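**Student:**
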Amino acid sequence: MKKILRILIISAVLLTTAIVFTSCKQFLEDPEEFLGYWSSEVVPIDFSIDKPYQMSNDGALCIPSATDVILTIKLRNPRKFSLVTPTPTSSAADVQKIINFPGLLTQPTYGTHYTLEQTPDKTALKLTYKPGFLKDHEWGMGNISPEITLTSTDGRPFNKKFSLNLRADTAPSLEYKGVGKTQVGTKWYYVLIFQAKNVDDPLPPPLDHLHGDIKKLSVTGGDSADIVFGSTGFAASGRLLASAEVVQLASGEGPEAPLNWSSLNDNSWALRYRTDTEVKTARKNYTFTLIDEAGLKSSDIHVSTPATKAEDAKLYYNSKDISTQAGNPSSPYLISTELSITVEAKTETTGASIAGKLFRKTSGDWNEVGDTNINSGTSNKVDIRLEAPSSTSSEIEYKISLTTGGDGFADGTAKEFYVKVRKGTVLEIKSSDSGAWNKLKTEVETPSGGADIIKITGIIKANNGDTKIDVKRAIKIMGSDKNTDILNADNETFIFDIFSSGELTLEKLTLQKGKNTDSSRGGGGIYCAGGELITDDVIIQNCTATNNGGGVYVDVNSTFKMYGGTIKNNMSTLGKGVYVAGASFPSMSDGEFIMGGEACVGEWENGTLQDGNDVYLGRNDLSSYPVKIQIDNDKPIAKPKVACITPYSYDVNYTVLTMPGGSVNDYTNRFTVTPEDLGSGDTQNWKVGKKGLLEKQ
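Our numbering puts the first residue of the sequence shown at 665, with every later residue one more than the last.
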């Protein structure tokens, strides 16, 4: 029954349709064409925009505003319908039946703000936004999304409308301009300079600047930076610096600055980004992107800090720079030793590496020493072992060929150093030797042909009339145990007087009861007058100076390197432990006191100095600043308390402690400072603060 009913309904519909269409001429002439025409639809299927665009954080497509922007709406229009589009004579009401902008309270004017036309092939609509309209709605301030109703010119409406989430918001643009540097504390860092393009292109009020909505400089490889607008440009903030904080690179620090560098740096819309890369360190890669409030981004800019030439290698022996002396092939640097020795090659460029070869001269020819590829790896220094001859007075001549470089650096200049290692002559002086003190004095003061190394066994004591020992050449004096091998001046004289040509190395000894009554100079134990003193595991105790420096007086142009051991229980006017003199004339250099390892001045208990053996820092008359104690970066101090500092004067601008190549802040708490006498029984307490500066407590 249901089947019969369905057949009757279909028959009735067909009959009705036939009657209607019979009255239509088009249907009678070509019924198939007629039915196809009225059953077809025009459907938007895709779109394209002729200018670069991005999607905002809220999902809107954002287009620039500088020129016309054409939005092409692709249509599926197999029957090639002509669509109704506005004309210059169309009323506003008629236009809005075709196209309107739902997100705008005030509708734009056709022809002035935009145009809409169908392409001749009927396959697309072209909506052209005019720049004036776009600028009115920059920063995405108005929703310029269109809604288009599709209607054929013969009056047929189509079901599918076209709409799109669209905003006017020009993406930021960034341009790299160059590199400079800025100082932070004592260090210099590279500054990469960019310019945000077209920032101040005018916009209608109240927007003012085209890119006034820039918010962030995104950085891959470093810290990103928020952008703050000032009255006439970007304001300095965080890693983004003011132009006055940035200066040109010096020679060897990077590329030569262009002639217009100052104008680039001073530009109001320059972004001067302080990197975390120190000047003359390894090249580092960064990627920079400008981002505005809507999340639109500039193109990524990939920039590297300069690949500077690594500092040339230097050669050190016992922490002394011997590069100049060892640089002459006709006069190698001579080292006398009992055993094999180690020299250190080092570049001052952090992050650079050293590579090279070791050669030994045999029968006048240089031959590579075995498999001795010198390579510091990730370090900027490397130890090089030089074997000593097997027989006394024999010599081996070495050539050390070195180049600095490494990842991120241009290669430094190749350097060659020449070192002659001699099996040193050794003399032992025992406490039982007749006239042992004078025997030691005679041997040390022998200008040439004397022993290179003197071994002390037992207690060598000065007798009535014995005098100080003058050191005018390089010599090592050593014991086997500082508790038993002792130089005892017995208050007859001070012990060593080191002249400018003298290089005295003391190891595993005790020096005691020195006495210097000379009121014009100091040093109860040792007076260093222009030479070099190195002590390792040495005690200097119970010495007295009428002037200054109860234990050691370090005069101008002198160096005292103390590695291990203790200076204690000495007496003098100033600097009971050590007195370090400051330069008085430009031709002079301050005395140098370098501490490392287990070195300690004074006897300490629970962090408090017990014997008053301080380190007095004299005045540099050229700067009026005190001289400084230096911590050896290669052999950092190890004890919890190592010295009490007494500066000649107190000021928060005075640096009293340094550590070249290292972090002095890690060691400042191992030093104390003598309280400042304010008079009338009042005192001011001080300490060694950050960066080795004096700081009030």
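For glycine and all other residues, C-beta sits at the position ideal for the given N, C-alpha and C. Every value quoted in this text rests on a predicted model; they were computed, and no experiment measured them.
Three or more C-beta pairs closer than 8 Å, one from the stretch 705-715 and one from the stretch 725-745: is that the case here?
**Tutor:** Yes, since at least three Cβ pairs between the stretch 705-715 and the stretch 725-745 fall closer than 8 Å, the two stretches touch.
**Student:** Can you round the beta-carbon distance between L1173 and I1120 to whole angstroms, since I take them to be within the 8 Å contact cut?
**Tutor:** Their Cβ separation, rounded to whole angstroms, is 6 Å, which keeps L1173 and I1120 in contact under 8 Å.
**Student:** Just how far apart, CA to CA, sit S1057 and I1118?
**Tutor:** Near 15 Å, if we compare the C-alpha coordinates of I1118 and S1057.
**Student:** Hey, which unbroken runs of the beta strand (DSSP E) at 3 residues or more fall wholly within the stretch 699-764?
**Tutor:** Within the stretch 699-764, the complete beta strand (DSSP E) runs of at least 3 residues are 707-713, 725-727 and 733-740.
**Student:** What is the rounded straight-line gap between the Cα of D1205 and the Cα of L1281?
**Tutor:** Residue 1205 is actually Gln in this sequence, not Asp. In a straight line, the C-alpha of Q1205 is about 20 Å away from that of L1281.
**Student:** If we ignore side chains and look at the alpha-carbon of each, how far apart do V1374 and T1068 end up?
**Tutor:** The shown model of the chain, from 665 to 1361, leaves out residue 1374, and the question about it has no answer.
**Student:** With a cut-off of 8 Å on the beta carbons, I'd call S907 and D890 a contact; round off their distance for me.
**Tutor:** Not really, about 19 Å apart at Cβ, beyond 8 Å.
**Student:** Residues in its own chain within less than 8 Å of E1002 by CB, not counting five upstream and five downstream?
**Tutor:** Counting only Cβ-Cβ distances below 8 Å, and skipping sequence neighbours, we find A1052, K1087, G1088, V1090 and I1117.
**Student:** Taking the alpha-carbon positions, what's the V911 to G844 distance?
**Tutor:** Roughly 6 Å separates the two Cα atoms.
**Student:** Could you have a look at V1108 and say whether DSSP puts it in helix, strand or coil?
**Tutor:** DSSP places V1108 in helix when its eight states are reduced to three.
**Student:** Return the CA-CA distance between T1332 and L1321, expressed in angstroms with no decimal places.
**Tutor:** Looking at the two C-alpha atoms, the distance is approximately 8 Å.
**Student:** Pick out the complete beta strand (DSSP E) segments inside the stretch 951-994, 3 residues or longer, and give them in chain order.
**Tutor:** Correct list: 965-968 and 978-981.
**Student:** Per DSSP, what kind of secondary structure is A1019 in: helix, strand or coil?
**Tutor:** Correct three-state label for A1019: strand.
**Student:** Hey, could you find the ends of the beta strand (DSSP E) L1091 is sitting in?
**Tutor:** Element bounds for L1091: V1090 to K1094.
**Student:** Please report the straight-line C-alpha distance between V1337 and G1356, rounded to a whole angstrom.
**Tutor:** Cα to Cα, the separation comes out at about 12 Å.
**Student:** With DSSP as the reference, label G1345 as helix, strand or coil.
**Tutor:** In this structure, G1345 counts as coil in the three-state DSSP scheme.
**Student:** Short check: CB of G1015 to CB of G1072, under 8 Å?
**Tutor:** Cβ distance < 8 Å, so G1015 and G1072 count as in contact.
**Student:** For G804, which three-state DSSP category applies?
**Tutor:** Correct three-state label for G804: helix.
**Student:** Compare the Cα-Cα distances from N1155 to each of T1110, G1166, G1143 and G1214 and report the closest residue.
**Tutor:** Nearest option by C-alpha distance: G1214.
**Student:** What is the C-beta distance between Y997 and I986, in whole angstroms, given that I count them as a contact (C-beta under 8 Å)?
**Tutor:** Confirmed, about 5 Å.
**Student:** Here's the rule: buried if 16 or more other CB atoms are within 10 angstroms of the residue's CB, otherwise exposed. What is A757?
**Tutor:** When all chains shown are included, A757 counts as exposed.
**Student:** Taking C-beta to C-beta, are N1152 and K1125 nearer than 8 Å?
**Tutor:** For N1152 and K1125, yes; Cβs fall inside 8 Å.
**Student:** Leaving aside the five residues before and after V1316 along the sequence, list all residues of the same chain whose C-beta is less than 8 Å from its C-beta, in chain order.
**Tutor:** Within the same chain, V1316 has close Cβ partners L1357, L1358, E1359 and K1360.
**Student:** Taking the alpha-carbon of N1349 as reference, which of L1170, I808, E1171 and T1310 has the nearest alpha-carbon?
**Tutor:** Of the candidates L1170, I808, E1171 and T1310, the one whose C-alpha sits nearest the C-alpha of N1349 is T1310.
**Student:** According to DSSP, what are the bridge partners of R947?
**Tutor:** Answer is none; R947 lacks a bridge partner.
**Student:** Comparing alpha-carbon positions, which option in I1048, Y950 and V1046 lies nearest V967?
**Tutor:** Considering only alpha carbons, the answer is Y950.
**Student:** Does the Cβ of N721 have 16 or more other Cβ atoms within 10 Å, making it buried, or fewer, making it exposed?
**Tutor:** Exposed, since its Cβ has fewer than 16 Cβ neighbours within 10 Å.
**Student:** Is the CB-CB distance between D1285 and S1253 below 8 Å?
**Tutor:** Cβ distance not < 8 Å, so D1285 and S1253 don't count as in contact.
**Student:** Between which residues of its own chain and V1083 is the CB-CB distance below 6 Å, once the five residues before and five after are set aside?
**Tutor:** Within the same chain, V1083 has close Cβ partners A990, P996, Y997 and Y1062.
**Student:** Please work out which residues of its chain come closer than 8 Å, Cβ to Cβ, to I674, disregarding the five sequence neighbours upstream and downstream, and give them in chain order.
**Tutor:** Bear in mind that a pLDDT of 40 at I674, under 50, signals an unreliable position, so the number given afterwards is only what the model happens to contain. Closer than 8 Å at Cβ, skipping near neighbours: no residue.
**Student:** Taking 7 Å as the limit between beta carbons, can you name the residues of its chain near K851, skipping five residues before and five after?
**Tutor:** The answer, listed in chain order, is E942.
**Student:** Cβ atoms of K861 and E839: under 8 Å apart, would you say?
**Tutor:** Yes, they are a contact pair.
**Student:** Can you give me the Cβ contacts of D1200 inside the same chain, cut-off strictly under 6 Å, excluding the 5 residues immediately before and after it?
**Tutor:** Excluding residues within five positions, the ones whose Cβ falls inside 6 Å are E1171, Y1227 and G1228.
**Student:** Relative to the C-alpha of T783, which candidate in G894, L747 and G1186 has its C-alpha closest?
**Tutor:** T783 has its Cα closest to that of L747, out of G894, L747 and G1186.
**Student:** With a threshold of 8 Å between beta carbons, is Y774 in contact with chain B?
**Tutor:** No chain B appears in the structure shown, which is made up of a single protein chain.
**Student:** Return the Cβ separation of G1188 and G1166 in integer angstroms, given the expectation that the two are a contact with Cβ distance under 8 Å.
**Tutor:** The Cβ separation is near 18 Å, so there is no contact.
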